[in-house]
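**Q**
Numbering (my numbering), first residue to last: 54 to 289.
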């Protein structure tokens, strides 16, 4: 693992060498409770299969990165997509074309980032991305909150250490808040010009097919791919 400092926060990252000749890197964006380590060996396998180099990093407050003291607002995903991510790309991949691969929150971040039509972005792949809040999403988060309170998600501490409760509460409290029920990014989807592959598990406990249908239906160059007998983590 390596690190860089962005706005006073230490971000841990890992880069993966290409096996092909100079293809665009794949930049992976983790989920709302995720981090580099929780991707397991997927980034390496994906890069080996595609021949592309890779870049994966812990967003502020997650994994081995510095804790984040910034309160979350309805625009927290916009902040990461339009401010944090461009800063990291400029520092680590200057003047380099790239693809984004985003899971859950990371997929929503990828969509928001793409809506600004960054000139070096070649395409995005989303897994279980959200573009609006559904009751099914909230029900899944309520179940996770009960499991966390009962000590059934203690495995998260292996990835986030002393930040574990802060990571979980930032995710659950934001999504279950009254103000976040109105979060919706469908309006920006038609402005996405790059190719998009939207992947979703048919048994996703945090969202229905309406999510991936909205992405595929509102983005001109988008296609969807459903994975049968699969929940919220298609890459597994």
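Just so it is clear, CB atoms sit at the ideal spot from N, CA and C, and this is done for glycine as well.
Within the continuous alpha helix (DSSP H) that includes residue 254, where are the two ends?
**A** Where residue 254 is concerned, there is no enclosing alpha helix (DSSP H), although the beta strand (DSSP E) it sits in stretches over 249-254.
**Q** Using DSSP with H/G/I as helix, E/B as strand and the rest coil, what is residue 245?
**A** coil
**Q** I need the DSSP call for residue 267, collapsed to helix, strand or coil.
**A** helix
**Q** When you compare each of 157, 278, 288 and 239 to residue 84 by their alpha carbons, which one comes out closest?
**A** 157
**Q** Roughly how many angstroms separate the alpha carbons of residue 251 and residue 82, rounded to a whole number?
**A** 14 Å
**Q** Return the CA-CA distance between residue 261 and residue 147, expressed in angstroms with no decimal places.
**A** 37 Å
**Q** My understanding is that residue 66 touches residue 110, with C-beta atoms under 8 Å, so please give their C-beta distance in whole angstroms.
**A** Sure, about 3 Å apart at Cβ, within 8 Å.
**Q** Taking the beta strand (DSSP E) that residue 276 belongs to, which residues open and close that run?
**A** 275-280
**Q** Starting from the Cα of residue 72, find the closest Cα among 254, 92 and 100 and give me that residue.
**A** Here the closest residue by C-alpha is 100.
**Q** Would you give the residue range spanned by the beta strand (DSSP E) that residue 190 belongs to?
**A** Premise fails: residue 190 lies in the alpha helix (DSSP H), 188-202, not in any beta strand (DSSP E).
**Q** Applying the criterion that 16 or more other CB atoms from any shown protein chain within 10 Å of the CB defines a buried residue, is residue 155 buried or exposed?
**A** buried
**Q** Under three-state DSSP, which class holds residue 205?
**A** coil
**Q** Can you name the residues that DSSP bridges to residue 63?
**A** 58
**Q** Please go through the same chain and pick out, in chain order, the residues whose beta-carbon is closer than 6 Å to the beta-carbon of residue 152, but skip the five residues on each side of it.
**A** 77, 79, 175 and 176
**Q** Among 87, 74 and 225, which has the Cα closest to the Cα of residue 286?
**A** 87
**Q** What is the DSSP secondary structure of residue 74, counted as helix, strand or coil?
**A** coil
**Q** Measuring CB to CB, does residue 263 end up less than 8 Å from residue 279?
**A** No. Outside cutoff.
**Q** Quick check: what's the CA-CA separation for residue 248 versus residue 203?
**A** 42 Å
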